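Novice: Residue numbers (my numbering): -9 to 272.
Backbone N, C-alpha and C define an ideal beta-carbon position, used for all residues, glycine too.
Since this is a predicted model, take the numbers as computed values, not measurements.
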Ligand code: DGL
């Protein structure tokens, strides 16, 4: 069973690609929607939240957790790998940022632009990973904090979305490749295609990350074995809202969403005692 972790809804766009690439594998998705968005939070809080969520997925029986969230992949992946997946450990943690950097370096002719959350941008991780692969590539990045909320509102096909994307893209002049460094942006792909200059290649890390995961599983036999393609979805926010809005991100109907209670900042095993919130509809 493969665990997939995200701050909320956006990682469902990554889960969609993982399920396409690995249809036989059972997966458990944990969306921390009650504490999302993560993109403007401080690093210590993100380390704490990510530890709690990854531990929860391990306790559900996953030996491999894929961090679908760009913010957590950029800020906390090394920390999570060192804490849980050191040499000899049976537990593994993979992320989305290294595949994203690899793909950007493969397709660019010299100048990569990145749009992402404020925390992803300030981490500098995408820049570092791209330069590890090719130090001559120029990288320009811009925080785009309005885009995830626009997608959450379901306003992908609106003048607000087009204006916001156009203004962010205008701050990245001269790029030949645009890395979509946030889980929500694949839903804005039609708008990005309209707005970017002809010849700019759009990079969505998720399909490539899914192909890299197929390779990784072949090189690590026994970590996760094919099952029946079953899917469980857990969230810390409102499970009814999560099921209602999640389908737009996953591209298919969600199964019944299981709630995870949060008590004094920790994830609890008991059912929620009060009415939980959630990112799309609070
Ligand atoms: N999942 C986050 C990411 O990819 C976006 C949403 C959030 O800020 O929580 O960075």
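#1: By Cβ distance below 7 Å, which residues in the same chain neighbour residue 98 in space, the five residues on each side in sequence not counted?
#2: I'd like the list of long-range same chain contacts for residue 151, defined as Cβ closer than 7 Å, with 5 residues on each side in sequence excluded.
#3: What does DSSP give as the partner residue(s) for residue 28 in the beta ladder?
#4: Pick from 38, 131, 52: whose alpha carbon is nearest that of residue 67?
#5: What are the boundary residues of the beta strand (DSSP E) that includes residue 198?
#6: From 154, 133, 108, 87, pick the residue whose C-alpha is nearest to that of residue 123; which is it?
#7: What is the residue span of the alpha helix (DSSP H) that residue 158 lies within?
#8: According to the neighbour-count rule (16 or more other Cβ atoms, all chains shown, within 10 Å of its Cβ), is residue 226 buried or exposed?
#9: Buried or exposed, going by whether 16 or more other CB atoms sit within 10 Å of the CB of residue 119?
#10: Work out the CA separation of residue 5 and residue -2 for me, nearest whole Å.
#11: Bridge partners for residue 72 per DSSP, in chain order?
#12: Given 7 Å as the limit, tell me if residue 27 has its C-beta closer than that to any heavy atom belonging to the ligand DGL.
#13: Run the proximity test for residue 225: is its beta-carbon closer than 7 Å to any non-hydrogen atom belonging to the ligand DGL?
#14: Identify, in the order they occur along the chain, each residue of the same chain with its Cβ nearer than 6 Å to the Cβ of residue 110, setting aside the five sequence neighbours on each side.
#15: Is the region 43 to 54 in contact with the region 195 to 202, if contact means three or more CB pairs nearer than 8 Å?
#16: Short of 6 Å in beta carbon distance, which residues of its chain neighbour residue 272, apart from the five on each side in sequence? Order them along the chain.
Specialist: Put simply:
#1: Start at 1 with the first residue of the chain shown, and residue 98 comes out as number 108. Excluding sequence neighbours, residue 98 sits near 127, 166, 167.
#2: The count along the chain shown starts at 1 and reaches residue 151 at position 161. Closer than 7 Å at Cβ, skipping near neighbours: 140, 145, 178, 181.
#3: Walking along the chain shown from the start, residue 28 turns up at place 38. For residue 28, which the question treats as bridged, DSSP gives no partner whatsoever.
#4: Locating residue 67 in the chain shown gives position 77, where the first residue counts as 1. Checking every option, the nearest Cα to that of residue 67 belongs to 38.
#5: Residue numbering aside, residue 198 sits at position 208 when the chain shown is read from its first letter. No beta strand (DSSP E) contains residue 198, which is instead part of the alpha helix (DSSP H) from 195 to 209.
#6: Counted from its first residue, the chain shown places residue 123 at position 133. Nearest of 154, 133, 108, 87 to residue 123, Cα basis: 87.
#7: Numbered from its first residue, the chain shown carries residue 158 at position 168. Here the alpha helix (DSSP H) through residue 158 covers 149 to 160.
#8: The count along the chain shown starts at 1 and reaches residue 226 at position 236. With 16 or more other Cβ atoms within 10 Å, it is buried.
#9: On the chain shown, position 129 is the one that residue 119 refers to. Residue 119 comes out buried.
#10: Here residue -2 refers to the residue found at position 8 when the chain shown is read from its first residue. Here residue 5 refers to the residue found at position 15 when the chain shown is read from its first residue. Each residue's Cα considered, the two are about 12 Å apart.
#11: Numbered from its first residue, the chain shown carries residue 72 at position 82. In the DSSP output, where bridge partners are listed per residue, residue 72 has none listed.
#12: In the chain shown, the residue the question calls residue 27 occupies position 37. Residue 27: yes, Cβ under 7 Å from the ligand DGL.
#13: Translated into the one-based positions of the chain shown, residue 225 becomes position 235. Flag unset: Cβ of residue 225 not near the ligand DGL.
#14: Counting from one through the chain shown, the residue named residue 110 turns up at place 120. Closer than 6 Å at the Cβ level, and outside the excluded window around residue 110, lie 60, 61, 64, 171.
#15: no
#16: Indexing the chain shown from 1 puts residue 272 at position 282. For residue 272, the predicted model reports a pLDDT of 45, less than 50, meaning its position is unreliable; a value from the coordinates is still stated below. For residue 272, where only same-chain residues beyond five positions count, there are no Cβ hits under 6 Å.
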